[in-house]
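One structure is given below, encoded as structure tokens.
In our numbering, the protein residues as written are 3 to 247.
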């Protein structure tokens with residue numbers, strides 16, 4: 003099963019990725035799955051990603067002329083500007099996102115940053131969801147489980163305030179699920195649970211998959227009906243289990 007099917011993503015519109023633990027890998031996999039089906043896909047960022055991450059999805063386009071040329075030339079591109087100070091990719095102008103969706107039909111955007119950590123709590127200005135997006139996928143790495151929040155979470159002080167625990171607290175499936183589903187956590191700004199999905203990455207063994215199952219049950223306790231997918235994004239057959247209640 004491919005991720006497009008496992009996550010039940012709408013075939014049109016923007017899918018925004020939030021959280022930590024594999025957003026860039028997920029974005030690239032979704033683009034490649036679309037290409038493999040002979041379908042178009044536009045990758046994008048509304049925050050910051052590395053240049054190589056963007057280029058892996060397709061040619062970089064930052065203005066309308068580049069966008070339209072990329073669509074004539076192929077099935078995929080990455081819409082982003084460049085930050086002069088750091089050289090990192092940043093959000094393109096709104097008209098590029100709007101025109102890009104019209105040209106490509108399906109878009110997937112990294113809308114959150116996590117400093118390569120497996121979980122995060124959003125600051126006041128986060129996440130940077132694209133208005134009217136069709137779906138939001140919250141990503142978390144199972145490697146956070148069994149370790150202190152202070153070591154595994156981006157903005158741990160915000161996560162601790164949200165969860166009512168200290169930074170030395172060990173992350174459990176229940177705590178991870180609450181962070182994923184809280185309106186001040188990864189569910190922030192989503193509003194409609196029907197648009198929301200959860201991907202638990204790093205389910206690369208029996209023990210990790212058991213932890214994914216426990217986390218999925220807790221996620222669905224807080225948000226009944228939300229689709230949860232356990233995956234190992236570094237593996238060829240990455241979808242391990244789909245949880246739908």
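Heads up, the beta-carbon is just placed ideally off N, CA and C, and yes, glycines get one too.
Distance, residue j Cα to residue i Cα
{"i": "residue 49", "j": "residue 179", "result": "24 angstroms"}
{"i": "residue 75", "j": "residue 45", "result": "16 angstroms"}
{"i": "residue 84", "j": "residue 62", "result": "10 angstroms"}
{"i": "residue 37", "j": "residue 27", "result": "15 angstroms"}
{"i": "residue 171", "j": "residue 164", "result": "13 angstroms"}
{"i": "residue 127", "j": "residue 169", "result": "22 angstroms"}
{"i": "residue 284", "j": "residue 243", "result": "As shown, the chain starts at 3 and ends at 247. That puts residue 284 outside it, with no answer to give."}
{"i": "residue 129", "j": "residue 140", "result": "11 angstroms"}
{"i": "residue 226", "j": "residue 93", "result": "33 angstroms"}
{"i": "residue 229", "j": "residue 148", "result": "24 angstroms"}
{"i": "residue 208", "j": "residue 224", "result": "25 angstroms"}
{"i": "residue 134", "j": "residue 16", "result": "8 angstroms"}
{"i": "residue 245", "j": "residue 200", "result": "10 angstroms"}
{"i": "residue 123", "j": "residue 188", "result": "7 angstroms"}
{"i": "residue 151", "j": "residue 40", "result": "42 angstroms"}
CB contact flag (residue i, residue j, <8 angstroms)
{"i": "residue 108", "j": "residue 73", "result": "no"}
{"i": "residue 144", "j": "residue 98", "result": "no"}
{"i": "residue 191", "j": "residue 131", "result": "yes"}
{"i": "residue 23", "j": "residue 203", "result": "yes"}
{"i": "residue 5", "j": "residue 214", "result": "no"}
{"i": "residue 235", "j": "residue 31", "result": "yes"}
{"i": "residue 142", "j": "residue 182", "result": "yes"}
{"i": "residue 241", "j": "residue 114", "result": "no"}
{"i": "residue 91", "j": "residue 56", "result": "yes"}
{"i": "residue 175", "j": "residue 216", "result": "yes"}
Host beta strand (DSSP E) of residue i (start-end)
{"i": "residue 19", "result": "15–21"}
{"i": "residue 33", "result": "Element bounds for residue 33: not the beta strand (DSSP E) but the alpha helix (DSSP H), 25–38."}
{"i": "residue 201", "result": "198–203"}
{"i": "residue 7", "result": "It is not in any beta strand (DSSP E) - residue 7 instead sits in the alpha helix (DSSP H) that spans 5–8."}
{"i": "residue 117", "result": "Counting along the chain, residue 117 falls outside any beta strand (DSSP E), and DSSP gives it neither H nor E."}
{"i": "residue 244", "result": "241–245"}
Where the alpha helix (DSSP H) through residue i begins and ends
{"i": "residue 221", "result": "208–224"}
heavy atom of the ligand MG below 7 angstroms from residue i C-beta
{"i": "residue 180", "result": "In the structure on display, the ligand MG does not appear, and there are no ligands present to speak of."}
Beta bridge counterpart(s) of residue i as assigned by DSSP
{"i": "residue 122", "result": "156"}
{"i": "residue 236", "result": "None, per the DSSP bridge assignment."}
{"i": "residue 110", "result": "17 and 45"}
{"i": "residue 230", "result": "200 and 245"}
Task: Residue ranges of each beta strand (DSSP E) within the stretch 126–193, 3 or longer - done: List check, beta strand (DSSP E) in window: 137–143.
TODO: Ignoring anything shorter than 4 residues or poking outside the stretch 30–106, list the alpha helix (DSSP H) runs there in chain order.
DONE: The qualifying runs are 53–59, 66–75 and 96–106.
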